[in-house]
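*Asks:*
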Amino acid sequence: MIRSDILKDIAPILRDQLVVCNIGLPSQELHMIDDQPSTFYMLGTMGLSSSIGFGLALAQDKKVISIDGDGSVLTNFGTLPTIANNARDNYILLIIDNGSYGSTGDQPTYAGKKTSLAAVARACGCENVVEVAAEDTGKALQEAIEGNQMTIIVAKCKSGNIPVPVITMDPVVIRDRFMKTVRA
Amino acid sequence: MSINTKIVDDLIANDISFVTTVPCKQLAGVIDEIDARPGVLHVPSNKEDEGMGLCAGAWMGGKRPAIIMQNTAIGVTINTLATLIQYYRMPLPMLISYRGELREPVACQVEMAVHTKALLAQMNIPTYHFHKQSDADEFDNILKYTFMCNKPVAILTDANFWGGYGDQ
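Heads up: the sequence lines are chains A and B, in that order.
Counting along the first sequence from 1, when you hit position 76 you're at 82 in the numbering used here, and nothing is skipped either side.
Counting along the second sequence from 1, when you hit position 106 you're at 410 in the numbering used here, and nothing is skipped either side.
Have a look at this one:
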């Protein structure tokens, strides 16, 4: 399975949740598969999906899912100690780890080599970290939503991309409809 | 009233309830004061772009945010300011320790100080420079302005404003 297969699998689970989705192909794929006003698509700012989602979880009580990638977490490693030390049980960080920088041409990341993001997250103090194979992502995500404990999911999948159009929606529209969903 | 108390009073009067910080010696008193106020959630961040991500999320979740950082962070956060805070039109007061200005003891700090206002101007970020303590009289209005226009706004506070840096 590649990242877009995981997103297709979990789209029905994400539909009713507040989602912050990572820059580039992950947002474009999720937008194409099942566009929802409850998804905040990142159009830029690599690395901050976890930070934006965590800020949202700190500010209100609804569950928040940040969809991130291995490359983006590597860009913003400082996020993991912040999340661990200010843990909120309405927060889920789903790292889709395909061991590559997918949006830029599948260059390998260190997460696909010696570095284990699950081990890093645990070392940073995250207490509920699960690493799953791609096909088990939906089950792990559903369990995290139904549970009442902050969860970091590292979903391991293969590298690869599908053709997908860019998101042309205006960023203020994305943000405005997202905020209305948050308040609803 | 101490300047730290006044600054935090203004934050609270403007309904700011989420503050992230990357610390500075000059701003240590403000950070201590924030920690003493139960109405403000203080979440330290490890880098300023991470902090701006937290602030973006907190604002979309209904809390007015602020970030406290040094001016060196302007060099770290240009992309985040342009592609997140400005692109999605989000308000963000940035209370900034303006290192490298008059009464600065560390020469290297001047190297970023000379670029600070030029970078902020290039980014079209409204910028206020507190040099004397009476300049802080405008802080309340600056915060109101920030949340009126949904923009990042910089408040540069130099060593003279804080009464010198360290042993000076």
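Just so you know, even glycine gets a beta-carbon here, dropped at the ideal spot from N, CA and C.
Quick caveat, the model's predicted, so the values are computed rather than measured.
#1: Could you tell me the distance, in whole angstroms, from the CA atom of threonine 309(B) to the CA atom of arginine 341(B)?
#2: So does the region 450-469 of chain B actually touch the region 393-403 of chain B, counting three or more Cβ pairs closer than 8 Å?
#3: Please check the pair methionine 156(A) and tyrosine 97(A), which I expect to be a contact at CB under 8 Å, by giving their CB distance rounded to whole angstroms.
#4: Sorted by chain position, which residues of the same chain lie with C-beta nearer than 6 Å to aspartate 444(B)'s C-beta, five sequence neighbours on each side aside?
#5: Report, in whole angstroms, the separation of the C-beta atoms of leucine 423(B) and isoleucine 378(B), which I expect to be a contact under 8 Å.
#6: Comparing C-alpha positions only, which one of Tyr107(A), Leu13(A), Arg9(A) sits nearest to glycine 118(A)?
#7: Identify whether phenylalanine 184(A) lies in helix, strand or coil by the three-state DSSP scheme.
#8: Would you please verify whether the beta carbon of leucine 388(B) is less than 8 Å from any beta carbon of chain A?
#9: Between the region 426-442 of chain B and the region 369-377 of chain B, can you find at least three pairs of beta-carbon atoms closer than 8 Å?
#10: When burial is assigned at 16 or more other CB atoms within 10 Å of the CB, is asparagine 28(A) buried or exposed?
#11: For asparagine 428(B), go through chain A and note every residue whose CB falls closer than 7 Å to its CB, in chain order.
#12: If you draw a straight line from the alpha carbon of cysteine 359(B) to that of alanine 386(B), how long is it in whole angstroms?
#13: Name, in chain order, the residues that DSSP records as bridge partners for lysine 164(A).
#14: Around the Cβ of aspartate 76(A), are there at least 16 other Cβ atoms within 10 angstroms (buried) or fewer (exposed)?
#15: If we cut at 8 Å on Cβ distances, does lysine 367(B) have a partner in chain A?
#16: Could you list which residues in chain B have their beta carbon closer than 8 Å to that of threonine 88(A), in chain order?
#17: Around the Cβ of aspartate 103(A), are there at least 16 other Cβ atoms within 10 angstroms (buried) or fewer (exposed)?
#18: Please classify threonine 110(A) as buried or exposed, where buried requires at least 16 other C-beta atoms within 10 Å of its C-beta.
#19: So is glutamine 472(B) buried or exposed if we call it buried at 16+ other beta carbons inside 10 Å?
#20: Of all the CB atoms in chain B, is at least one closer than 8 Å to the CB of methionine 175(A)?
#21: Where does proline 87(A) sit, in a helix, a strand or coil, going by DSSP?
#22: Would you mind giving the Cβ-Cβ distance between threonine 81(A) and methionine 52(A), rounded to the nearest angstrom? I have them listed as a contact below 8 Å.
#23: For glycine 108(A), which of helix, strand or coil comes out of DSSP?
#24: Quick one: which chain A residues come within Cβ less than 8 Å of asparagine 383(B)?
#25: Taking only the alpha-carbon atoms, compute the straight-line gap between glutamate 35(A) and valine 172(A) and give it to the nearest angstrom.
#26: How far does the beta strand (DSSP E) with isoleucine 71(A) in it extend, from its first residue to its last?
#27: Is the region 53-67 of chain A touching the region 16-30 of chain A, taking contact as three or more C-beta pairs under 8 Å?
#28: Rounded to a whole number of angstroms, what is the C-alpha to C-alpha distance between glycine 105(A) and methionine 38(A)?
#29: State the DSSP-derived secondary structure class of glutamine 472(B), mapped to helix, strand or coil.
#30: Do isoleucine 382(B) and methionine 416(B) have their CB atoms nearer than 8 Å?
#31: Can you tell me the Cβ-Cβ gap for lysine 351(B) and phenylalanine 322(B), rounded? I've got them flagged as a contact below 8 Å.
*Replies:* Short version:
#1: 10 Å
#2: yes
#3: 5 Å
#4: Asp314
#5: 5 Å
#6: Tyr107(A)
#7: helix
#8: yes
#9: no
#10: buried
#11: In chain order: nothing, as chain A lies at least about 17 Å away.
#12: 15 Å
#13: Ile8(A)
#14: buried
#15: yes
#16: Val347, Pro348, Ser349, Asn350, Glu354, Leu358
#17: buried
#18: exposed
#19: Confidence in glutamine 472(B) is poor, its pLDDT being 45 and thus under 50, which makes the residue's placement too unreliable to answer from.
#20: no
#21: helix
#22: 5 Å
#23: helix
#24: Gly50, Thr51
#25: 9 Å
#26: 70-75
#27: yes
#28: 23 Å
#29: Low local confidence applies: a pLDDT of 45 at glutamine 472(B) is under 50, so the model's placement there is unreliable, with the coordinate-based value given in what follows. Coil.
#30: no
#31: With a Cβ gap of about 17 Å, lysine 351(B) and phenylalanine 322(B) do not count as contacting.
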